[in-house]
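Peer 1: Questions regarding the structure given below will be posed in turn.
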Amino acid sequence: MPIILLHSVFTPGTYLMGLPVSIEGLKQSVTLSLNLACMFFTALLVMNTIQMKQCLFWLQGKPKLNRALTPSLMLLMRLRTMIPQELTRQRLRWQNLEHKWLSLPDMLFESISSTLSRSRHEAQFLWKKWDEEVEQLFMIDQAVSKLHASDIGFGALAVLALFGLWVL
611 MPIILLHSVF
621 TPGTYLMGLP
631 VSIEGLKQSV
641 TLSLNLACMF
651 FTALLVMNTI
661 QMKQCLFWLQ
671 GKPKLNRALT
681 PSLMLLMRLR
691 TMIPQELTRQ
701 RLRWQNLEHK
711 WLSLPDMLFE
721 SISSTLSRSR
731 HEAQFLWKKW
741 DEEVEQLFMI
751 DQAVSKLHAS
761 DIGFGALAVL
771 ALFGLWVL
């Protein structure tokens, strides 16, 4: 919504019914929103169909990419379960506060700082135990992730809408 609002208000062009909203801005905002939705869906599709193990095996054949991406992917795998647990813990603590809206900025800051602290700790742990972690990763047989029907429907709708804009 912010993309649509900002583009429609700040893009010069023909105004719509006397409102400070331009038709060109609306067209550009819808196109940009659909492009972002397609990129999001593509990333979702790739991340839910390719196993991390397959990705790491592929990276081993590409030395430059392997050096750049493998540590980040390994850390991401560790943080993928830890970060949601930490944020859920923080949210539950916030919900139990009496004046929760007044403490929201403090809780957000604390959530960010604890997440960064945990991430730093996990990165140091991964650095110290790198050989063991890599060996363990290639021994684990991961189950294939599955996409939800709603994800596929959302992506198909975004692709069709974007195709419709290209045809116009």
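For our numbering, add 610 to where a residue sits in the sequence shown, where the first one is 1.
Yeah, the Cβ is synthetic: ideal placement off N, Cα and C, and Gly gets one too.
None of the values given here were measured: they were computed from a predicted structure.
#1: Determine the contact status of residue 662 and residue 692, defining contact as a CB-CB distance below 8 Å.
#2: Note down, one range per segment and in chain order, each alpha helix (DSSP H) of at least 4 residues found wholly within the stretch 616–696.
#3: Considering only C-alpha positions, which residue in the set 680, 641, 650 is nearest to residue 666?
#4: Among residues of its own chain, excluding the 5 on either side of residue 754, which ones have a beta-carbon nearer than 7 Å to its beta-carbon?
#5: In whole angstroms, what separates the C-alpha of residue 730 from that of residue 620?
#6: In or out: residue 709 buried (at least 16 other Cβ within 10 Å) or exposed?
#7: Residue 721 by DSSP, collapsed to three states: which one?
#8: For the pair the stretch 668–675 and the stretch 705–725, tell me if three or more CB-CB distances fall below 8 Å.
#9: On the CB-based measure, 16 or more other CB atoms within 10 Å of its CB, does residue 651 come out buried or exposed?
#10: How many angstroms separate the CA atom of residue 705 from the CA atom of residue 685?
#11: Could you compute how far the alpha carbon of residue 632 sits from the alpha carbon of residue 618?
#12: Does DSSP put residue 709 in a helix, a strand or coil?
#13: How would you call residue 682, buried or exposed, if buried means at least 16 neighbouring beta carbons within 10 angstroms?
Peer 2: From the atom records:
#1: no
#2: 633–659, 662–670
#3: 680
#4: Here residue 754 scores only 46 on pLDDT, less than 50, and its place in the model is too uncertain to base an answer on.
#5: 41 Å
#6: exposed
#7: helix
#8: no
#9: buried
#10: 30 Å
#11: 5 Å
#12: coil
#13: exposed
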